[in-house]
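For reference, the structure is listed below as structure tokens.
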Amino acid sequence: AALDAAAWENCGRCKIHLVSGDIKKTITGKKKSQGAFDVLFVGAHFVHLLQKDHGLLETAKPGAPLAVETGDNLLFLGKGPVAEFRKKIAEFATEAGWSAHDSSPG
Numbered sequence: 001a002a003l004d005a006a007a008w009e010n011c012g013r014c015k016i017h018l019v020s021g022d023i024k025k026t027i028t029g030k031k032k033s034q035g036a037f038d039v040l041f042v043g044a045h046f047v048h049l050l051q052k053d054h055g056l057l058e059t060a061k062p063g064a065p066l067a068v069e070t071g072d073n074l075l076f077l078g079k080g081p082v083a084e085f086r087k088k089i090a091e092f093a094t095e096a097g098w099s100a101h102d103s104s105p106g
């Protein structure tokens with residue numbers, strides 16, 4: 001119970017922003033968002049936002065990690081397309097200035 005209470009106490013200082021739609025209008029295009037985020041997560045259907053022209057890197061604090069949902073759990077994709085999807089994610093991210101770390105299952 002004490003561990004649970006400590007976890008909730010720390011979460012009280014945490015803000016989670018769920019964003020969809022026009023990301024440039026809501027996040028990357030706003031000056032107050034520059035360097036504002038400690039961690040970023042991008043869903044599989046929004047990996048195009050990793051491209052440099054979307055400005056996602058600029059919203060991250062220095063050293064902030066970026067987690068990207070790959071296609072591993074998208075049932076309609078086979079192994080070949082999943083591998084290609086992972087390569088495209090890494091390409092977008094590295095071209096935008098992120099450093100890639102492979103976390104392939106298995």
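Counting in UniProt numbering, the sequence shown runs from 1 upward without gaps.
Glycine is no exception: its CB is placed at the ideal position from the N, C-alpha and C atoms.
Item: For the UniProt domain "Dynein assembly factor 3 C-terminal" (4-100), which segments carrying the beta strand (DSSP E) assignment without a break, of at least 3 residues, lie completely within its bounds, in sequence order?; Value: 40-42, 66-68
Item: Any idea if VAL68 is buried or exposed, counting beta-carbon neighbours within 10 angstroms, 16 or more meaning buried?; Value: buried
Item: Does the Cβ-Cβ distance between THR28 and THR59 come in under 7 Å?; Value: yes
Item: Would you check if the distance between the CB atom of GLY35 and the CB atom of LYS61 is smaller than 7 Å?; Value: yes
Item: Return yes when the Cβ of ALA90 is within less than 7 Å of the Cβ of GLY71, no when it is not.; Value: no
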